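If you read the protein sequences in the order shown, they are chains A, B and C. The numbering of the first sequence is the working numbering, which starts it at 1 and goes up by one. The numbering of the second sequence is the working numbering, which starts it at 1 and goes up by one. The numbering of the third sequence is the working numbering, which starts it at 1 and goes up by one.
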Amino acid sequence: MKPASLEYVRPRSMEEALAVLSDETANAKIFAGGQSLGPMLNLRLTRPAKLVDIRHIPELKAVRADARLCSIGATFTHAELEDGAIEDFTRGLLPYVARGIAYRAVRNRGTVGGSLAHADPAADWVSTMAAIDATIVIRGQAGERRVPAQQFLAGAFTTELGDTELLTAVELPRFSAAARWGYYKVCRKTGEFAKAIGLAIQDPKIGLFRILAGSPEGRPALLTRSAETLATRGAEHAARDAREEIEEVLPNLAPAHRQQLIAAVQRSLGQILLVEAA
Amino acid sequence: MLSVSLTVNGRPVTATVEPRTQLCELLREDLNLTGTHVGCEQGVCGACTVVVDGKPQRSCISYAGDSDGCSVITIEGFDDDALMEQLRDAFSRHHALQCGFCTPGMLVTARDIILRLGETGAARIREELSGNLCRCTGYVGIVEAIEEVSKGKVARAPQTVVAAIEGTVAVRPVDAPMKPAVPPNRPAAPTASAGVGARKGWSSIEQRLAVGFPPEIVWNRLSDIRQVSFCLPGAEITELQDDRVRGRMNVSLGPIKVALNGDGNVLLDAENRIGRLSGRGQDAGSGSSAEGEVEWRVLPGEASGSLILVNLSWRLSGRLAQFNRAGIVQDVIQRLASIFVTNLESSLKGEAIDETSIKPLGIWSLMLGVIRIRVARWRGRNA
Amino acid sequence: MLEVAFLRSPVAHAIIRERRKPTGFESSVVFNEDMEGVSPITTRSSIPGYKVSDYPALAADRVRFVGEIVAMCLAANRAAAEDLCELVEIEYDELDPIVTCAAGRSPGVKPLHEEWADNLFLRTSLDQGIDDVIANAPVVVELELSTARQVMHPMEGKGLVAWWDHRAGQLVVQTSTQVPHLIRIGLAECLGIPQAIIRVAAPDVGGGFGYKCMLMPEEVAVAWLAYTRKGAFRWIEDRREHLTAGANARQHEYKIKAYADNRGRFLGLDAEVAIDCGAYSVWPFSACLEAAQAGGNLPGPYDLQAYRCSTFSVATNKPPFAPYRGVARPGVCFAIELTIDAIAKAVGREAWEVRLENLVAASAMPYTNITKKFYDSGDYPASLLQVKQMIGFERIRSEPRRDAKGRYLGVGFATYTEQSAHGTKVFAQWGLPLVPGFDQAHVKLTPDGALEVKAGIHTIGQGLETTLAQIAHEQTRVPLKDIRVTLGDTANTPFSTGAYASRGIVMTGGAVSVAAEIVAGRIKSIAAHLLQVRAEDVSFRDGGIFAGEASVSYEDVGRAWYMRPDQLPDAVDRGGLEATGAYKPQVDTGVFSYASHAAYVAVDAETGLVEILDYAICEDCGTMVNPMIVDGQTIGGAAQGVGTALFEESPYDDNGQPLASTLIDYLLPGPTELPRFRITHMETPSPFSAHGLKGVGEGGAIAPAGALVNAINDALTPLNAAVREIPATPERILAAIAAAKPTLGNVA
């Protein structure tokens, strides 16, 4: 199948992009790499009148950092993160996650910001950014606002982002040398959408203890109680609590699916234990 | 039409094409470079992989516009490439192709694997090759061929690291989201998959709402169909005559925007306090149609209050129905149901419906305008 | 050239109430009623009780599956043609769809085709006497099994370009097909025009697997356009069309009762097989080939003395069933192999032992089995013992049942025998409109001493260009580099029914051998004359024709016949240096290839994921013309078998909507999901075919589901769980575990 008719525009600056987007009647759609959008365009499931290609806006490809935080521009590709094209602030987590996204040819073009804005709950960055307590930076004509990644996603394919706004960057905490993380995906196939994602982070230096259960069907769940256990009693106990907490916070999941989610979370915690043991 | 200039296999090319033209179409149809094969147009199979600005990419999910200014190398452009020559030879010797359809994409990916990783073992080759599907060979010959050619090769130097600009990153604390969080899931009956419940082929979700008004009052309010429809995000009744309605239901799921136009029926059973609004509509764009129904029952609740049972059920056909991720549709309907119940509650209490509560379901701005006006009017009437 | 896009039905079952073309596009949109004089695709069969279904290229007044063609839209390019599709208005009055075999067989169901008395294309029963066994067998095992609907998914979909050649006065159809000569016959029948004015050619075909061995409605529609409008038209199937309108294979349901003695010796088999046949019969293989194959092949390679089987070919609101690589046998092999393992479990023995005792022994060959199949040769038990050795069965059994990650380990086996190159008698029995006879090939030495081989069969990636050249070389010793093979064009190849049923190397290989032998004899006699010796004194050697040390080249011989006839003897054979040979084996009920597969798997009981740790195959396809190609066919088939076993599924919802319309929904095994298959060969030449050849194209796909699910169930033995449905998805495996261990269910 081929896309429905559309126009293509290539803004060269943020101002130009926002100006194009500001026309609410234009039915414009941001094109940040097109690796999720492309198939939907081809299938005519999405029919924007205008594709706004933001890959040529220099500000969207900037990296900024201070002692506590760092900010990554929206149009860095998964492959660039995988290859370490930007300094690794997360002790290997981001490159590891990047390498597991789809396939290399897709990673060469798909972008971090594009994936977040697309908000497929099965996508890796959606869960990862929520788990590491990242902040999503949004620009509109009225200015900039910053929203915690966990609140950015409202549900499947639905985000905080307005039609006239642009996701410009992601701000991440800078992990300390003491940071440990675990990331476990349940996938039937390499590159396939995950059936379940488990993510655990423990960085006592910066006080970051987070555990997340990501499911392909809706907003990922932060397991706050288990995370407290992780902070106070360690990964082994947290793994035990996680089972119960998943059953509590995600009561409507099919049994098989819940079991996969529990396994994913427990195994991500297991990875922390392994690193600690090493 | 769009005029684009790019470099293809080292040659500058200019073409005037529709912006929707896929890069692979541009290559095959306009430039007659038919070595690039189109296998799925879904970005999965990898047959159409070409090198764009030095990196393998899918040519089925990039388009004429975004290819403007790029340098593209197709399989035809590797005739004189030394590494590709080794690969072609190894592919032949290892019986790495049968029908040959996947081969151009395989070779482009294989070459990239070796350039990037140098000498590589079979397990990593298999992982790197997972974006290229072959239906004939079972990959054994392909993996062996690549492994053999990779022997003794050295990985290309890693790309330069983009330096971080030093400076304060977060200048101020985070903002509260503009859109309120989605109403929490109320104690819901397990989402019924197809077949459960009264009708075959339908799915449904039930929500309960306890309110502090007696059933008669609640029923009276809920007998006004227009008012009920205002509580349902995206619903718009354009005509209402006796038990017949015409209208629109707008739902969006990320970039997918569906406008179902159609008609329906209203049933109000005052005796049993059951109301039902059902409709059927078509979305011309996606060639899909949907049937949906909202049913509300008002029952006596605790302490002279009421219990409202709300059931949303639906049945989809056409392109939108043909995905294996039923959970996502359920997530949407679940949220739709939650918002509906929240709005119902607000309206019963005489509060304004928060128009932004509708937004998470992506009713785009035009629609929002309509709803805003209607909500205002409704409030006026009820005042 | 205009591009065609088809508007397809979004609903599974409906009466078309109204259809409207967009104003201004009346001639760019084609409906059924515009195709005057075109006959529907109709497949007749001489089997009693078989019901005919008319399958119009474009739906008439009714649609019977999602994806059925309703209108044909023409435009300058595909995108514009799809735009046009969106403007066509069709109004449907929906009818209740039949989405399962059970629904389609239920009493009182309204038949899918109004004129039918019930909803079955065909019902067959075969009873070879089982009552005694039922009364006396000490061990009874009952199983209910099912296999999912699949697509065949060649990487290149279907597609064709058709044009009217004004000079030749001929309709030229370039189509991606396995059976060009059959397509010409089918098109002529549907369009009502003489075959002589149709040329069907299939250049390179990007995989077939059975999907391209039938006449497709798209071929009829686009050829009709070219013929009536005297222009050029193209349609290329896209992946969405393939995944939805092409979901046409593999879906079976089995109810099995197996009877055995206390050692697990098979005493009898009582089975019921239902095939989810879809809405129409495909031409020429019909909706009933699958059931015929299933009922006839269920006993497999086993020595079975009592057998009863009923088959139900059920009409459903799904795409019409077609023969996919292995045709029914991946299903029956899965069924019988799970049955063997269930018997073994019931009698408390290892499955391989029970299997071994039940296999037809080498000493019994040739062996006529209970369904009258003539197993020509081979040593089935030896192949089983070989894979048992390869997979390291004893080592596996001596090790813990769980690995370091806590996964459950299991090993499973499957053995099958595959009828290949079955010929006239078999197809006539099946009552099909197509009955293959002799295959023909044409061989010619050119004036410059090269060899041209032409055959009507087609190559779809199975390497016939190589193997047929090898056979021609074997006879003539013309160097391989000088042999050119031309296939798949009705204008310049002799007739063949085409590439299906693992018949290429046996049938066309045989024909090439016959033709090349004739030409070789004539080369020798001309060479002998040139060398002034007797024909029996010359021999082929080192790329030339020798008599002692004196020699002439193939070019000398070619030049003599074509350009210097003055050098020829008076008694020279008037046939010259070209000949058409025809071949079918002495026994044309087919030659039986066979193999045993062994799989070693790890099952993650928490996630339901399966990893194939090792996979061993021992196969026997008789004389191997080219071992590399035999390996390629076997491994490629096995890869598809892994798809059947673990990944591939086209589910439908209760409304008859297909739920896998993208490759995100329909999972194909990729390089990380497939093992590095290990193969060994046995080579038992068939006593009944030229050079002892047997077919090898399909076999690899037959056994993996049986071997893998047996391995999974072996792994799950400690949990007392068993999977009975394929693909064995994580959900099905977790469900099987939960069903066996209620406590797990409570946790969930």
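Don't be surprised by glycine CBs; every beta carbon is placed ideally from N, CA and C. Given the structure is predicted, the values throughout are model-derived calculations rather than measurements.
Boundaries (first-last residue) of the beta strand (DSSP E) holding residue i
{"i": "residue 73 (chain C)", "result": "69-75"}
{"i": "residue 249 (chain B)", "result": "244-253"}
{"i": "residue 5 (chain C)", "result": "2-8"}
{"i": "residue 227 (chain B)", "result": "It is not in any beta strand (DSSP E) - residue 227 (chain B) instead sits in the alpha helix (DSSP H) that spans 225-231."}
{"i": "residue 350 (chain B)", "result": "Taken as a continuous stretch (DSSP letters only), residue 350 (chain B) belongs to no beta strand (DSSP E), as it is neither H nor E."}
{"i": "residue 216 (chain A)", "result": "Unbroken run through residue 216 (chain A): none, as it is neither H nor E."}
{"i": "residue 117 (chain B)", "result": "Here residue 117 (chain B) belongs to no beta strand (DSSP E); instead the alpha helix (DSSP H) covers 103-117."}
{"i": "residue 487 (chain C)", "result": "483-487"}
{"i": "residue 173 (chain A)", "result": "166-173"}
{"i": "residue 476 (chain C)", "result": "Counting along the chain, residue 476 (chain C) falls outside any beta strand (DSSP E), though it belongs to the alpha helix (DSSP H) covering 464-476."}
{"i": "residue 275 (chain B)", "result": "274-283"}
{"i": "residue 280 (chain A)", "result": "Look at the range of chain A in this structure, 1 to 278, and you will see that residue 280 (chain A) is not part of it."}
{"i": "residue 170 (chain C)", "result": "170-175"}
{"i": "residue 70 (chain A)", "result": "69-73"}
{"i": "residue 206 (chain B)", "result": "203-211"}
Extent of the continuous alpha helix (DSSP H) to which residue i belongs
{"i": "residue 737 (chain C)", "result": "730-740"}
{"i": "residue 630 (chain C)", "result": "627-642"}
{"i": "residue 389 (chain C)", "result": "380-391"}
{"i": "residue 241 (chain A)", "result": "235-249"}
{"i": "residue 303 (chain A)", "result": "As shown, chain A starts at 1 and ends at 278. That puts residue 303 (chain A) outside it, with no answer to give."}
{"i": "residue 513 (chain C)", "result": "509-531"}
Reference residue i; option with closest CA among the options
{"i": "residue 50 (chain A)", "options": "A:179, A:172, A:100, A:23", "result": "A:23"}
{"i": "residue 191 (chain C)", "options": "C:206, C:688, C:205, C:171", "result": "C:171"}
{"i": "residue 663 (chain C)", "options": "B:46, B:16, B:10", "result": "B:46"}
{"i": "residue 129 (chain B)", "options": "C:317, C:669, C:356, C:485", "result": "C:669"}
{"i": "residue 338 (chain B)", "options": "B:68, B:208, B:174, B:201", "result": "B:208"}
{"i": "residue 113 (chain C)", "options": "C:14, C:34, C:204, C:22", "result": "C:14"}
{"i": "residue 233 (chain C)", "options": "C:73, C:643, C:696", "result": "C:73"}
{"i": "residue 204 (chain C)", "options": "C:465, C:26, C:283", "result": "C:465"}
{"i": "residue 395 (chain C)", "options": "C:740, C:409, C:21, C:632", "result": "C:409"}
{"i": "residue 749 (chain C)", "options": "C:266, C:289, C:254", "result": "Summary: the structure shown does not reach residue 749 (chain C), with chain C confined to residues 1 through 748, and so no result is reported for it."}
Check your understanding: Is the region 227-234 of chain A in contact with the region 705-715 of chain C, if contact means three or more CB pairs nearer than 8 Å?
Key -> Not touching, per the Cβ criterion.
Point to revise | Three CB pairs or more closer than 8 Å across the region 42-60 of chain A and the region 68-85 of chain A | key: yes
Exercise for review: Quick one: which residues of the region 334-348 of chain B get their C-beta closer than 9 Å to a C-beta of chain A? List them in chain order.
Suggested key: From the region 334-348 of chain B, only 334, 335 have a Cβ closer than 9 Å to chain A.
Review point. Counting pairs of Cβ atoms below 8 Å between the region 84-102 of chain C and the region 651-666 of chain C, do you hit three or more?
Key: With the cut-off at 8 Å, the region 84-102 of chain C and the region 651-666 of chain C touch.
Check your understanding: What are the residues of the region 200-213 of chain B that lie near chain C, defined by any Cβ-Cβ distance shorter than 7 Å?
Key -> 200, 201
Exercise for review: Could I get the ranges of all uninterrupted alpha helix (DSSP H) runs contained in the region 95-156 of chain C, with 4 residues as the minimum, in chain order?
Suggested key: 101-105, 131-136
Review point. Taking one C-beta from the region 58-73 of chain C and one from the region 121-134 of chain C each time, how about it: are there three or more such pairs within less than 8 Å?
Key: no
Review point. Quick one, which residues of the region 717-738 of chain C are near chain A if we go by CB-CB under 8 Å, in chain order?
Key: 729, 730, 731, 734, 735, 738
**Study point:** alpha helix (DSSP H) runs wholly inside the region 537-622 of chain C, at least 4 long, in chain order
**Key:** 554-562
Practice item. Quick one: which unbroken beta strand (DSSP E) runs of 3-plus residues sit fully inside the region 10-58 of chain B? Chain order, please. Key: 11-17, 49-52, 55-58
Exercise for review: Give the residues from the region 179-194 of chain A that approach chain C closer than 9 Å (Cβ to any Cβ), ordered along the chain.
Suggested key: The residues in question are 186, 187, 188, 189, 190, 191, 192, 193.
**Study point:** Meets three-Cβ-pair contact criterion under 8 Å: the region 86-100 of chain A and the region 9-16 of chain A
**Key:** no
Exercise for review: Output, in sequence order along the chain, the residues in the region 190-213 of chain C whose CB is closer than 9 Å to any CB in chain B.
Suggested key: 204, 205, 206, 207, 208, 209
Review point. Where in the region 655-698 of chain C do unbroken runs of the beta strand (DSSP E), each at least 3 residues long, occur, reported from the N-terminal end onward?
Key: 678-682
Point to revise | Residues, ordered as in the chain, of the region 11-34 of chain C that lie near chain B by beta-carbon distance below 9 Å | key: 11, 12
Point to revise | Residues in the region 460-483 of chain C having any Cβ partner in chain B nearer than 8 Å | key: Near chain B, meaning a CB-to-CB distance below 8 Å, the residues of the region 460-483 of chain C are 460, 461, 462, 463.
Exercise for review: Counting only runs of 3+ residues fully inside the region 416-464 of chain C, write out the beta strand (DSSP E) ranges in chain order.
Suggested key: With a minimum length of 3 residues, the continuous beta strand (DSSP E) runs that stay inside the region 416-464 of chain C are 439-445, 451-455.
**Study point:** Within 8 Å of chain C by C-beta, residues of the region 75-95 of chain A in sequence order
**Key:** none
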